[in-house]
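Numbering (my numbering), first residue to last: 11 to 409.
Accompanying notes for the structure given below.
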């Protein structure tokens, strides 16, 4: 029995949680079991709550400076957890990873520039690129029997042919949960450095490694990575605090760092709220034991879902077991349903809110993304609903 409780259901229905209050907006239904948007249904580490409550009890929330220990605390966490050395001078605050990527695009790209992504991939990447007047270049991942790999030859070809300004890397990769190897990341760095391509590495899932597997920060793999790379991370996924809006950026290259950090400074994009800094410091200093137990619980949920889905679907729904995070990639092509039928199967028949794989790119059609950072009783209910829906699935199958 662990120190922390991950089994109790917390009612989030009146907390303005997107996962619950926006079901109608995204699924045109409100009676669904929400297992979609990537936050956890677990109470945060108590020390985070206590630190925030101490600040709230002061009752004055004026303009706040950034505490001296903020960046050293982040640097210490990165060194302790991942063996990655950085300094406060190489870091800045950003108000969220997606916003941070948008800032990078604004600062280093001009309309019409090309940016490489690797679908199926986190869907805001494409929106950020196109919304800022740039063009997305797809270098799809290669799907293997039970995993995916990066198409490095394809990446080299597209970069030499199209001369993009930037590449957005997802490390670990969302929605599949792959931690890219040191060799793969080094090859990416070599390919991009040769053509002067900036690599923006989204590492928000990097603290959520499973099974003792290490996270490999992009900036740690080579001099070329440090020369080309901008690395973004946050405590938000790790400690279930995205509502605090606290993220960070590390740039090793001095010229690129000065260019970007000064731009953030003049626009005041680098100024955190007092709650962001307090929550971050508490999480990184006191949350390690909580995180260890949470990851163990999540791993058990992943294994349970994978085994049960294989059993109740007779192998028609396959799970790509993630190396990181609490999101699992479901291969539902064995159900024999077209895209509309598949979404109806989960929303109308199973009454589950999952992320449609097609939102991550055309390569995700026939897949679903499922969030298992939730109490086991919720997992059981989701599987019961899927089993019930499967009883009628053959009637819907399209040959």
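Just so you know, even glycine gets a beta-carbon here, dropped at the ideal spot from N, CA and C.
Bear in mind the structure is a predicted one, so any value in this text is a computation, not a measurement.
C-alpha gap between residue 190 and residue 197, whole angstroms: As a position in the chain shown, residue 190 is number 180, starting the count at 1. As a position in the chain shown, residue 197 is number 187, starting the count at 1. Each residue's Cα considered, the two are about 11 Å apart.
Beta-ladder partner(s) of residue 23, from DSSP: Translated into the one-based positions of the chain shown, residue 23 becomes position 13. Answer is none; residue 23 lacks a bridge partner.
Terminal residues of the beta strand (DSSP E) in which residue 259 lies: For the purposes of this step, residue 259 is taken as residue 249 along the chain shown, with counting starting at 1. Looking at the DSSP string, the run of the beta strand (DSSP E) that includes residue 259 is 257–260.
Rounded separation between residue 255 and residue 38 - CA only: As a position in the chain shown, residue 255 is number 245, starting the count at 1. As a position in the chain shown, residue 38 is number 28, starting the count at 1. Going from the Cα of residue 255 to the Cα of residue 38 covers about 28 Å.
For residue 246, three-class secondary structure by DSSP: Within the chain shown, numbered from 1, the residue matching residue 246 stands at position 236. Here residue 246 carries a helix assignment [DSSP, helix/strand/coil].
Continuous alpha helix (DSSP H) stretch holding residue 81: start and end: For the purposes of this step, residue 81 is taken as the residue at position 71 of the chain shown. Here the alpha helix (DSSP H) through residue 81 covers 80–92.
Cβ-based burial, residue 7 [other Cβ within 10 Å; buried from 16]: Because the chain is modelled from 11 through 409, residue 7 falls outside the range shown and cannot be assessed.
As assigned by DSSP and simplified to three states, the class of residue 365: Start at 1 with the first residue of the chain shown, and residue 365 comes out as number 355. Here residue 365 sits in strand by DSSP.
CA-to-CA distance, residue 227 to residue 263, given in whole angstroms: Here residue 263 corresponds to residue number 253 of the chain shown, with the count starting at 1. Here residue 227 corresponds to residue number 217 of the chain shown, with the count starting at 1. So the alpha carbons of these two residues sit roughly 15 Å apart.
Among 323, 96 and 207, the one whose alpha carbon lies nearest that of residue 168: Within the chain shown, the letter at position 158 stands for residue 168. For the residues 323, 96 and 207, the minimum Cα distance to residue 168 belongs to 207.
Within 7 Å, strictly: CB atoms of residue 130 and residue 356: By 1-based counting over the chain shown, the position of residue 130 is 120. By 1-based counting over the chain shown, the position of residue 356 is 346. No, these two residues do not count as a Cβ contact at 7 Å.
Assumed close pair residue 361, residue 42 - CB separation to whole angstroms, cut-off 8 Å: Within the chain shown, numbered from 1, the residue matching residue 361 stands at position 351. Within the chain shown, numbered from 1, the residue matching residue 42 stands at position 32. The pair is a contact, with the Cβ atoms about 5 Å apart (cut-off 8 Å).
Inter-residue spacing [alpha-carbon to alpha-carbon] between residue 408 and residue 54: Reading the chain shown from its first residue, position 398 is the one you call residue 408. Reading the chain shown from its first residue, position 44 is the one you call residue 54. Note on residue 408: pLDDT 40, under 50, position unreliable in the model; the coordinate value appears next. Using only the alpha carbons, I get a separation of about 44 Å.
Range covered by the beta strand (DSSP E) that runs through residue 146: As a working mapping, residue 146 is identified with position 136 in the chain shown. Residues 145–148.
Nearest neighbour of residue 238, chosen from 177, 173, 359 and 158 [CA to CA]: What you label residue 238 is simply residue 228 of the chain shown in a count that begins at 1. The option with the nearest alpha carbon to residue 238 is 177.
Delimiting residues of the alpha helix (DSSP H) encompassing residue 118: If you number the chain shown from 1, residue 118 lands on position 108. Note, residue 118: alpha helix (DSSP H), 107–118.
Per-residue DSSP class, three states only, for residue 35: Stepping through the chain shown from its first residue, residue 35 is reached at position 25. Three-state result, residue 35: helix.
Whole runs of the beta strand (DSSP E) within the segment 284–324, excluding any shorter than 3 residues: none
For residue 188, the first and last residue of its enclosing alpha helix (DSSP H): Indexing the chain shown from 1 puts residue 188 at position 178. Counting along the chain, residue 188 falls outside any alpha helix (DSSP H), and DSSP gives it neither H nor E.
Candidates 252, 212 and 272, of which the one nearest residue 240 by Cα: The sequence position of residue 240 within the chain shown is 230, counting from 1. The option with the nearest alpha carbon to residue 240 is 212.
Integer Cβ distance of residue 220 from residue 334, believed to fall under 8 Å: To locate residue 220, count along the chain shown from 1; it is residue 210. To locate residue 334, count along the chain shown from 1; it is residue 324. That belief holds up - the Cβ atoms of residue 220 and residue 334 are roughly 6 Å apart, short of 8 Å.
Residue range of the unbroken beta strand (DSSP E) whose run includes residue 377: To locate residue 377, count along the chain shown from 1; it is residue 367. Segment 377–381, the beta strand (DSSP E) holding residue 377.
Best match in 364, 379 and 343 for proximity to residue 331 [C-alpha to C-alpha]: Along the chain shown, read from residue 1 onward, the residue named residue 331 stands at position 321. Among 364, 379 and 343, the Cα nearest to that of residue 331 is on 379.
Closest Cα partner of residue 307 within the set 235, 251 and 389: Residue 307 sits at position 297 when you count from the first residue of the chain shown. Comparing Cα positions, the closest option is 389.
Where residue 66 sits in the DSSP three-state scheme: On the chain shown, position 56 is the one that residue 66 refers to. In the structure shown, residue 66 sits in a helix (DSSP, three-state: H, G or I).
Where the beta strand (DSSP E) through residue 328 begins and ends: Here the question's residue 328 lines up with position 318 in the chain shown. 328–330 is the span of the beta strand (DSSP E), which, as asked, contains residue 328.
Rounded distance between the beta-carbons of residue 257 and residue 104, thought under 8 Å: As a position in the chain shown, residue 104 is number 94, starting the count at 1. As a position in the chain shown, residue 257 is number 247, starting the count at 1. Right, the Cβ-Cβ distance comes to about 5 Å (below 8 Å), so this counts as a contact.
Beta-carbon proximity of residue 297 to residue 249, cut-off 7 Å: If you number the chain shown from 1, residue 297 lands on position 287. If you number the chain shown from 1, residue 249 lands on position 239. For residue 297 and residue 249, yes; Cβs fall inside 7 Å.
Cβ pair residue 82, residue 108 closer than 7 Å: Along the chain shown, one-based indexing puts residue 82 at 72. Along the chain shown, one-based indexing puts residue 108 at 98. Not a contact, by the Cβ cut-off of 7 Å.
6 Å CB neighbourhood of residue 17 in its chain, flanking five on each side removed: Position 7 of the chain shown, counted from the start, is the residue given in the question as residue 17. Once the five neighbours on either side are set aside, the close Cβ partners of residue 17 are 385.
Unbroken alpha helix (DSSP H) run spanning residue 138, endpoints: For this step, residue 138 is matched to residue 128 along the chain shown. 134–141 is the span of the alpha helix (DSSP H), which, as asked, contains residue 138.
Alpha helix (DSSP H) segments (min. 4 residues) lying fully within the segment 168–244: 192–205 and 233–238
Local conformation of residue 372 per DSSP, three classes: Position 362 of the chain shown holds residue 372. If DSSP states are grouped into helix, strand and coil, residue 372 belongs with the helices.
Exposure of residue 44, with buried meaning 16 or more beta-carbon neighbours within 10 Å: By one-based count along the chain shown, residue 44 stands at place 34. Around the CB of residue 44, 16 or more other CB atoms lie within 10 Å, so the residue is classed as buried.
Where residue 30 sits in the DSSP three-state scheme: As a working note, residue 30 is residue 20 in the chain shown. In the structure shown, residue 30 sits in a helix (DSSP, three-state: H, G or I).
Closest by C-alpha distance to residue 100, when choosing among 353, 260, 293 and 246: Along the chain shown, one-based indexing puts residue 100 at 90. Checking every option, the nearest Cα to that of residue 100 belongs to 260.
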